[in-house]
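Residue numbers (our numbering): -7 to 306. Everything below concerns the one structure shown next.
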Amino acid sequence: MPPVSLTGKDLTLRYTMAASMRIGIDLGGTKIEGIAIAGDGHERLRRRIASPRGDYARTLSAVAGLVREIEREIGEAGSVGVGIPGTISPATGLIKNSNSTWLNGRALAEDLSRLLDRPVRFANDANCFALSEATDGAAAGARVVFGVIIGTGTGGGVVIDRQVLIGANAIGGEWGHNPLPAAQGIESPGPACYCGRSGCIETFLSGPALARDYGGGVTAEEVAARALAGEASADAVLGRYEDRMARALGSVINLIDPDVIVLGGGLSNIDRLYERVPQLWSPYIFSDAVTTRLVRATHGDSSGVRGAAWLWNE
Ligand SMILES: [Zn+2]
-7 MPPVSLTGKD
3 LTLRYTMAAS
13 MRIGIDLGGT
23 KIEGIAIAGD
33 GHERLRRRIA
43 SPRGDYARTL
53 SAVAGLVREI
63 EREIGEAGSV
73 GVGIPGTISP
83 ATGLIKNSNS
93 TWLNGRALAE
103 DLSRLLDRPV
113 RFANDANCFA
123 LSEATDGAAA
133 GARVVFGVII
143 GTGTGGGVVI
153 DRQVLIGANA
163 IGGEWGHNPL
173 PAAQGIESPG
183 PACYCGRSGC
193 IETFLSGPAL
203 ARDYGGGVTA
213 EEVAARALAG
223 EASADAVLGR
233 YEDRMARALG
243 SVINLIDPDV
253 IVLGGGLSNI
263 DRLYERVPQL
273 WSPYIFSDAV
283 TTRLVRATHG
293 DSSGVRGAAW
303 LWNE
């Protein structure tokens, strides 16, 4: 397709007719990443810019500018999906629950649709991760997928038949702030969480939580490396971590019975989780046999931005 200048109504028409190009935007707290993928998932272009931290108006124009730049370079209009920290409140249409606090209370969906003169779809970044992996990643072909990002926090998302389960309150999959199941000893009431509760799953399964259980001073990845090297105390910490993950995922399996659970984020690189956690979760699951697979994300750090693009996948 030859390069064309794309503006206004002309673009709206072209995007509905040629929806094969999908643009995904991952709106992060420190960077904004944009990707264009073809209908078969092949990546055509990727661009990354710094987030205008603390400034909503500049964030809005940066996202719109990134979309326009991608379309100009490719010479084609596309559908636009955006992954956001937080979610859009069904009650108000405004962003809520975002740790990029300058987005909270803002009408990002309405503002961006108007700026780009087309419908734009939005989803929480963990939901985008789950959608990406369910569409053409580690859970491709699975009907029910639970995706978890375990890094500085523990985001989660549910995808059923390649559709994100957003939910009545737009918090579908937000499992990290449930209490850790079967908590005992020092696990109850458990560490204070930034959400105001104590003993949330996130306070046990995040990277900082794993590092803290070891005694601090090293990262979660370093604890895993030491366990692999045979250090007994690191091995014990990781064993506790695996049992907690088994309990936390066991309750997910009882509730939505996923075909596949996909792990992403920094801690998903710990190899032994995939073998040991399924060995530990059976006592917490109400079933004679458990066929749910626990797998590592295929697309790594790209899953968020790819999933945003796949918000248009019909
Ligand atoms: Zn919490």
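Positions of the beta carbon are idealized from the N, C-alpha and C atoms, including for glycine.
Own chain, CB closer than 7 Å to residue i, minus 5 neighbours either side, in chain order
i, result
"residue 144", "198, 199 and 200"
"residue 184", "190"
"residue 260", "142, 288 and 289"
"residue -4", "Unreliable placement is indicated for residue -4, whose pLDDT of 40 sits below 50; the coordinate value is still reported in the next sentence. Correct list, in chain order: 67."
"residue 39", "26, 58, 61 and 62"
Sequence-distant residues of the same chain with beta carbon closer than 6 Å to residue i, five excluded per side
i, result
"residue -2", "Unreliable positioning characterises residue -2 in this predicted model, as indicated by a pLDDT of 45, which lies under 50. A coordinate reading is not provided."
"residue 134", "251 and 252"
"residue 107", "56"
"residue 299", "120, 121, 123 and 124"
beta-carbon residue i near ligand 1 non-hydrogen atom, thresh 7 Å
i, result
"residue 189", "yes"
"residue 194", "yes"
"residue 185", "yes"
"residue 34", "no"
"residue 291", "no"
Endpoints, alpha helix (DSSP H) assigned at residue i
i, result
"residue 297", "295 to 301"
"residue 195", "194 to 197"
"residue 101", "100 to 108"
"residue 265", "265 to 272"
Opening and closing residue of the beta strand (DSSP E) in which residue i lies
i, result
"residue 37", "35 to 42"
"residue 290", "No beta strand (DSSP E) contains residue 290, which DSSP labels as neither H nor E."
"residue 62", "Segment 48 to 66 is the alpha helix (DSSP H) holding residue 62; no beta strand (DSSP E) there."
Residue closest to residue i, alpha-carbon to alpha-carbon, out of the options
i, options, result
"residue 22", "60, 29, 67 and 93", "93"
"residue 138", "128, 130, 151 and 146", "151"
"residue 264", "238, 247, 282 and 126", "238"
"residue 180", "276, 195, 186 and 166", "195"
"residue 88", "140, 156, 43 and 162", "162"
"residue 91", "78, 85 and 97", "78"
Sequence-distant residues of the same chain with beta carbon closer than 8 Å to residue i, five excluded per side
i, result
"residue 105", "111 and 112"
"residue 160", "82"
"residue 164", "119, 149, 150, 156, 157 and 158"
Which complete alpha helix (DSSP H) runs does the region 113 to 139 hold, if anything under 4 residues is left out? 117 to 128
Margin query: Suppose only complete runs of 4+ residues qualify. What are the alpha helix (DSSP H) ranges in the region 206 to 243, listed by chain order?
Written below: 212 to 220
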